[in-house]
Amino acid sequence: MKKKIVRIVGVLVLLIVAILVAAPFFLESKIGEIIKNNVNNNVNATLDFSKADLSLISNFPNAEVGLEDVVLLNKAPFEGDTLFAAKSVALKMGIGELFKGQGEAIGIKSLTLDGAVVNVTIDKEENASFDIALPSDEPSAPAETSGEGFVLDLQSYAITNTKIVYDDRSTGMRLEISEMQHNGKGDLSLEKSELDTFTEALVSFEMDSTNYLNKNKIQLDALIGVDLNENKYSFLENEALINQLALVFDGFIKLNENNQEVDISFKTPSSDFKNFLAVIPAEYSKNIESVKTTGNFILEGQFKGIVDEEHIPKFNIKINSENASFKYPDLPKSVRNVFIDTEINNNTGIVEDTYVDIEKLSFMIDEDKFNMTANIKELMGNTKVKAHIDGNMNLANLEQAYPVPADLDLKGLLVADVSTSFDMASIEKEQYEKTTTNGKLSISDFEYKSAEIPNPVKLKTTSLTFNPTTVTLNELSGTTGKTDFNAKGTIKNLLGFMFNDEKVEGDFDLSSNTFALSDFMVEENEGQTQEDKTEGAETGGTETGGATEEKIKIPSFLDANINASANTVLYDNLTLKDVKGNLRIKDEKATLTNMTSSIFNGTMAFNGEVSTKEETPTFAMNLDMKQLGISETFKSLELFKAVAPIAQILKGTLDSDIKLSGNLTDDLVPDLLTLSGDIFADIMTKEIDSESAPLLTALDSKLSFIDLKQLNLDDLKTKLSFENGLVSVKPFTVKYKDIAINVGGSHTFDKKMDYRATMEVPAKYLGSDVNKLISQIGEDDLKDLTIPVVASIGGNYDNPSVSTDLSSGVKNLTGQLVEIQKQKLIGKGKDKAKDLLSDVLGGNNSETDSTKTSTKDGVKEVLGGLLGGSKKDTTEVKADSATPKKDEDVVKEKAKDILGGLLGKKKSE
Numbered sequence: 037m038k039k040k041i042v043r044i045v046g047v048l049v050l051l052i053v054a055i056l057v058a059a060p061f062f063l064e065s066k067i068g069e070i071i072k073n074n075v076n077n078n079v080n081a082t083l084d085f086s087k088a089d090l091s092l093i094s095n096f097p098n099a100e101v102g103l104e105d106v107v108l109l110n111k112a113p114f115e116g117d118t119l120f121a122a123k124s125v126a127l128k129m130g131i132g133e134l135f136k137g138q139g140e141a142i143g144i145k146s147l148t149l150d151g152a153v154v155n156v157t158i159d160k161e162e163n164a165s166f167d168i169a170l171p172s173d174e175p176s177a178p179a180e181t182s183g184e185g186f187v188l189d190l191q192s193y194a195i196t197n198t199k200i201v202y203d204d205r206s207t208g209m210r211l212e213i214s215e216m217q218h219n220g221k222g223d224l225s226l227e228k229s230e231l232d233t234f235t236e237a238l239v240s241f242e243m244d245s246t247n248y249l250n251k252n253k254i255q256l257d258a259l260i261g262v263d264l265n266e267n268k269y270s271f272l273e274n275e276a277l278i279n280q281l282a283l284v285f286d287g288f289i290k291l292n293e294n295n296q297e298v299d300i301s302f303k304t305p306s307s308d309f310k311n312f313l314a315v316i317p318a319e320y321s322k323n324i325e326s327v328k329t330t331g332n333f334i335l336e337g338q339f340k341g342i343v344d345e346e347h348i349p350k351f352n353i354k355i356n357s358e359n360a361s362f363k364y365p366d367l368p369k370s371v372r373n374v375f376i377d378t379e380i381n382n383n384t385g386i387v388e389d390t391y392v393d394i395e396k397l398s399f400m401i402d403e404d405k406f407n408m409t410a411n412i413k414e415l416m417g418n419t420k421v422k423a424h425i426d427g428n429m430n431l432a433n434l435e436q437a438y439p440v441p442a443d444l445d446l447k448g449l450l451v452a453d454v455s456t457s458f459d460m461a462s463i464e465k466e467q468y469e470k471t472t473t474n475g476k477l478s479i480s481d482f483e484y485k486s487a488e489i490p491n492p493v494k495l496k497t498t499s500l501t502f503n504p505t506t507v508t509l510n511e512l513s514g515t516t517g518k519t520d521f522n523a524k525g526t527i528k529n530l531l532g533f534m535f536n537d538e539k540v541e542g543d544f545d546l547s548s549n550t551f552a553l554s555d556f557m558v559e560e561n562e563g564q565t566q567e568d569k570t571e572g573a574e575t576g577g578t579e580t581g582g583a584t585e586e587k588i589k590i591p592s593f594l595d596a597n598i599n600a601s602a603n604t605v606l607y608d609n610l611t612l613k614d615v616k617g618n619l620r621i622k623d624e625k626a627t628l629t630n631m632t633s634s635i636f637n638g639t640m641a642f643n644g645e646v647s648t649k650e651e652t653p654t655f656a657m658n659l660d661m662k663q664l665g666i667s668e669t670f671k672s673l674e675l676f677k678a679v680a681p682i683a684q685i686l687k688g689t690l691d692s693d694i695k696l697s698g699n700l701t702d703d704l705v706p707d708l709l710t711l712s713g714d715i716f717a718d719i720m721t722k723e724i725d726s727e728s729a730p731l732l733t734a735l736d737s738k739l740s741f742i743d744l745k746q747l748n749l750d751d752l753k754t755k756l757s758f759e760n761g762l763v764s765v766k767p768f769t770v771k772y773k774d775i776a777i778n779v780g781g782s783h784t785f786d787k788k789m790d791y792r793a794t795m796e797v798p799a800k801y802l803g804s805d806v807n808k809l810i811s812q813i814g815e816d817d818l819k820d821l822t823i824p825v826v827a828s829i830g831g832n833y834d835n836p837s838v839s840t841d842l843s844s845g846v847k848n849l850t851g852q853l854v855e856i857q858k859q860k861l862i863g864k865g866k867d868k869a870k871d872l873l874s875d876v877l878g879g880n881n882s883e884t885d886s887t888k889t890s891t892k893d894g895v896k897e898v899l900g901g902l903l904g905g906s907k908k909d910t911t912e913v914k915a916d917s918a919t920p921k922k923d924e925d926v927v928k929e930k931a932k933d934i935l936g937g938l939l940g941k942k943k944s945e
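Using our numbering, read the sequence shown as starting at 37 and increasing by one per residue.
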C-alpha cells in the first residue's frame, strides 16, 4: 500500500513539474496578447513589445511575466511621440491569474522596470501627452469584456536606471530626473498600509531659459502611510538629501476628485552652518566634513493648500544665517561675518504672486566686503526686480578662502556700487526707458586664466558708469598674449543681455599698439555638434568626438559697431601697420568698411565681410593696393603665390584691385581651392630676377635671340580671374626692343601651366648671316622682314616644358629667301623677283607648283645638310669639287649659312 501511495505521489509530482515546464510554451502568446489588448483597449495610445517570457518555476507558486523593449506611443496630437519606453518590464502574479478568462482582471503582486524613459510633454496649447484616457462617450471595450484590466495587489516594486522628463512648453518649465533608482515594499492590497521607499536621482530644473538646478543629487529614504480609502499619502519617518543638505519632511498629500490637497513642511535637522555649504554641489564645495564653521544656518518651509488648474499650494520658505563663518583646513583665509536673511513666499496660491525678499546677504574675506539686497516680485509672471549691490573685493582672496576650480585663476580689485530697478516685460519689449540702473563698477589689475582661452586676460583698468538706460564704458585697457587693447564706448542693452538672452548692443572705439589674431583662438571639439554636447550633458554620457582643434570664432553675443585702429596687426605670417577703419559685428559676421593699412612698403584699403556662423567660415573682400613691393607681396601671401607665381621674380612695385570670395580655414586663412574672383594689376618694374625662375631658364634656352634681362616691362597691366582653383590670365603684352610679346593662358593653384607667348621676330635678330643674305638680295623692304614665333608653355612652374614653332618659321623663311636669291641668280626677270619679294613680306604662298617643288627640294637639302643629312650628299659635293658650282648649289650654301647663323649662334649681337 505504501509503495502504491509513493508511486501515486511520484506520478503527481512529475505531472505537476511537467505542467509547470510545458505551460509557458502554451501560455506565453496568450499572456502577450492579453496584456496588449488590456492596455490598447483602455488608453488612447499604442503598447508594443518585442518579446514576452513566462516563468512558472523560478518564483513558484507565483508566475513571472517578462516583457522586453516595451514602448508606449502617443496618438494625436502627439502622434508618434514616445510616452513610455523600457528595456524590460517584469510582472509577478499568482499562477491562477494565468487561467482567468478574457473578462476577468489580472492581479499584479510585484512590478520591476529597468532602463525606463518617461517623456511627459505639455505643448503651447496646453495639451498633455499623458492624457491618454479614452473619452467618456467612447466605450473602452465591448460590454462583454468590460471587466478586463489589471488589479494592483502589489507587495513590492522597483524602478532602476530610469529617466523622467517633464517639459511644459506653455510655461517654459522643464524638470528632468535622471539616473533614478527607486524601490518600495508594502502590502498595497490593504486599505491602509505603510510603504517603505528609497529613492536617489539627479535633478535638473529650468524655467524661462534659467537653469535653477543642474544634475543636483537628491536622496529620499521615506516611510509613507497609504490610505486607499481616502487616497491619502502621509510622510511618517523620512530623511532627504539635496546635494549634501539633509532635510526632514512632515505632512501629507491627498488626491481628491477635482484637486489635490497638500500640507507638507520641511526643515534642516540641525542648525550647523555646514548646512549652507551642503546646498552647493559637492564638485564645487568639496569635502565639507573637515570644514570649521561657526554660527548657524536654517532652512525651513511649508507648502499648504490646493493644487488644481488655477492654484498652487501657498508656501513660505525661510533661509537664515547669523554672523557665521567657515574655513577650509587647507586654505589660508576664512569667510566671516556671513549674514543671510531671505524669504520665498506665495500667500495667495496664484503662481504669479510668488516673490523673493533678500533682506540681507553679506560676507567678508579679510577686510573685503560684499553686500546685497533685493526684492523680486511676480517671480513666475512679469518679474519685477529692485536690487542693490556694493562692496570691494580682492578677487585673489576667493581662491584663498574657497575651493574654486583649479583652472580658474582670478586676480584683481573689484569695486562696485550699483542699484537697478526693472521688470522683465519692459526688457523683453526692449523698452529700456522703463528701467533704471545707476552706479559705478571698476576692476583694476584683473587677471583671468582658464584652460578655455590660450592666454591669460589681464585688465589693467576697467571702469563702467551705469546710467538709467545705458552703460558707459569709460575705460577698458589690458593685454592678452601679444595683444594690448584700449576701449571705450556705450552699451545699450546690458539688462537685455543679462536677463533676456539678447546680444550686447553698443558703439565702441578700440585702439591697440599690437593686435595678434592668434591670441583669440578658441578650442572646439571638431567631432561634436552643439546638439551632441547638449544631449551628452543631459544624459551624463561621455563626450566623444574628433580631435580638439583651435578655431577663431566671431562672438555670437555681439551686435556692436567698432571704430578700430592699431599700429600693428599680426595675421598669420603677415604684419600690417597703421590699421584703421570700421568694424561692424553682428550675427557672427564682421563687416569691414573703409579699412586701411600699410604693408610691403605700400598701402592697402579693404572692404568686405567675414562670417563664422556656419561650420565652414566664409569671406568676401575687395582690396585696393597701392605701391606694394612685388617681391615681398608674392613671397608672403599664399593667395598671390598661387594666383601669379611668376610675379615673384619681378623687382618693383604694383597697384592692384582685387575682388575675391571663398571659404576660410579654422584660423581664418583663405582656402585656395574654394576661391573665386578677379585681379587687375598695374606693375611698375624695370628688372626681373631671371635666374630664380625655372620658367625663364626654359624660355631662355628655346628663344636664343632674346635676352630676358632686357625685357621692357613699362606700363605692364594684366587682368586675372580665378575660380575652383583655375587662374585665367587675360592676354597682356611685354616688349623686347622692337619685339612685342603677347602672353595669355591659364594655370592651376598647384602651378600646372597652359600658356602661349606669340611674337613677330624681325629677321635682323636671326644672326649676321641672315642680314648678309638680305643685303645680297638688295631689296630695302627686306630690312623689316619678321617671322611669327609661338612658344607653348606647359608642365609645372617648378619643372616647366617649353616648345616653339621656330623650326617651321625658319624653314618657311629659308625657302622664300632661297627662291628670291635663285630667281635673281638665274635671271628670270625683275617681275618674278618682285612677286617673290611680295610673298615674303606679305605672307603670300601662291607659288607655282614648279617653283614650290624646286624651293622645297632646295630647302630640304639645306636643312638636311644642317641637321646631319646623308653622307652621300657630302661625298657628292667633294667628288664634284673641281666642277663649277651651279646656281642651285650657291643657293643651298646661302641658306645653310642663314640657318647656321640662326640656330648655331646664341646672342651673337
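Even glycine gets a Cβ: it sits at the ideal position worked out from N, Cα and C. Note that the coordinates shown come from a computational prediction; the quantities given were computed from them, not determined experimentally.
Apart from the five residues on each side of it in sequence, which residues of its chain come closer than 7 Å, Cβ to Cβ, to residue i?
| i | result |
| --- | --- |
| Asn430 | Asp404 and Leu449 |
Since residue i and residue j should fall inside the 8 Å C-beta cutoff, what is the C-beta to C-beta distance between them, to a whole number of angstroms?
| i | j | result |
| --- | --- | --- |
| Asn407 | Lys422 | Not really, about 15 Å apart at Cβ, beyond 8 Å. |
| Val298 | Gly341 | 6 Å |
| Phe482 | Thr498 | 7 Å |
| Lys951 | Asp203 | The displayed coordinates of the chain run from 37 to 945. Any statement about residue 951 would go beyond what the structure contains. |
| Phe674 | Phe636 | Before going further, note that residue 674 is Glu rather than Phe in the sequence given. The Cβ separation is near 14 Å, so there is no contact. |
| Val451 | Asp608 | Val451 to Asp608, Cβ: 40 Å. No contact. |
| Leu500 | Lys476 | 7 Å |
For residue i, I'd like the list of residues in its chain whose CB is within less than 8 Å of its CB, leaving aside the five on either flank, ordered along the chain.
| i | result |
| --- | --- |
| Val540 | Ile527, Asn529, Leu530, Phe533, Phe593, Leu594, Asp595 and Ala596 |
| Thr840 | Lys738, Leu739, Val825, Val826, Ala827 and Ser828 |
Could you tell me which residues DSSP puts in a beta bridge with residue i?
| i | result |
| --- | --- |
| His347 | Looking at the DSSP assignment, His347 forms no beta bridge with any residue, so it has no partner. |
| Gly427 | Phe406 and Ala452 |
| Lys485 | Asp445 |
| Leu415 | Bridge partners of Leu415: none, in fact. |
| Glu297 | Lys290 and Ile342 |
Quick check on DSSP: helix, strand or coil for residue i?
| i | result |
| --- | --- |
| Phe551 | strand |
| Tyr955 | Because the chain spans 37 through 945 in this model, residue 955 falls outside it and cannot be assessed. |
| Thr473 | strand |
| Gln663 | strand |
| Pro591 | coil |
| Asp391 | Checking the sequence, you will find Tyr at residue 391 rather than Asp. Strand, per DSSP. |
| Val949 | In the structure as shown, the chain starts at 37 and stops at 945, and residue 949 therefore has no counterpart that could be examined. |
| Phe375 | strand |
Would you kindly check if the distance between the Cβ of residue j and the Cβ of residue i is under 8 Å?
| i | j | result |
| --- | --- | --- |
| Asp426 | Asp453 | yes |
| Val156 | Ala121 | no |
| Met789 | Ala776 | no |
| Leu708 | Phe785 | yes |
| Ala437 | Leu509 | no |
| Gly331 | Val371 | no |
| Asn951 | Glu227 | No answer is possible for residue 951: the residues shown for the chain start at 37 and end at 945. |
| Asn474 | Thr550 | no |
| Met720 | Gly688 | yes |
| Asn382 | Lys413 | no |
| Leu147 | Leu119 | no |
| Ser124 | Gly151 | yes |
Which same chain residues, not among the five before or five after residue i, have their C-beta less than 6 Å away from its C-beta?
| i | result |
| --- | --- |
| Ile195 | Leu149 and His218 |
| Asp736 | Leu744 |
| Asp718 | Asp691 and Lys753 |
| Leu612 | Val605, Ser633 and Ile635 |
| Asn80 | Lys111, Ile168 and Leu170 |
| Asp543 | Gly525, Thr526 and Asn597 |
Less than 7 Å separating the Cβ of residue i from some heavy atom of the ligand ADP?
| i | result |
| --- | --- |
| Gly475 | Although the ligand ADP was asked about, the structure shown includes no ligands whatsoever. |
Can you confirm whether residue i, when its beta carbon is compared against all beta carbons of chain B, has any partner nearer than 8 Å?
| i | result |
| --- | --- |
| Pro171 | The chain inventory of the structure shown lacks chain B, comprising one protein chain alone. |
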